[in-house]
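Okay, so the sequence shown: first residue is 50 according to the working numbering, each after it adds one.
Think of the CB as a built atom: it goes at the ideal place given N, C-alpha and C, for glycine as much as any other residue.
Note that the structure is predicted; figures quoted are calculated from it, not measured.
A short worksheet on the structure shown next.
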Amino acid sequence: MKTSTFTPASRSLKTFVLFITLLLSFSPGLFAIDLQTALSKGLAGEVDNGYLAIPPGATKEAQPLVSSVNNQRRTAYASLAKKNGVSPEIAGQATFEKRYPEFPAGTWVKIQGRWMQK
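This is how it looks when you write it as structure tokens:
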């Protein structure tokens, strides 16, 4: 996995992760499928840039949810990046690295361009 140069204060990253969690908790009611279901069924996967994508072979059922969550993450990463003096890309990568250990076994992840199940 690619190592980033992102070194935010631990408190800022924890605040950001909480912020993302809260944002995501309000999204599921808007869609036919919620994020946890999409991830557990392999309809969506986490990418090492901090965003979601549709894994190969999956239907596009979760695409509206993926787009919405990615828009929320884009806003959150921009805020975190500004706060820590890094690019939004670095903020997204750092968030993925921080959250990766918490992904359940079987979650689809795309690391350095390659899809695999954790």
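Residue range 94–96 is occupied by the beta strand (DSSP E) that includes V96. Here DSSP, grouped into helix, strand and coil, assigns Q85 to helix. A check of alpha carbon separations from T108 across Q121, K90, G99 identifies K90 as the nearest.
Spatial neighbours of T144 in its own chain (CB-CB distance under 6 angstroms, excluding positions within 5 residues in sequence) are listed in chain order as G99. Distance check between I160 and each of P153, A154, Y149 places Y149 closest, using alpha-carbon atoms only. In its chain, beyond the 5 residues on either side, W164 have a beta carbon closer than 7 angstroms to the beta carbon of P105. Pairing A127 with G134, the inter-Cα distance amounts to about 10 angstroms.
About 26 angstroms separates the beta carbon of A140 from that of A154, a gap too long to meet the 8 angstroms contact definition.
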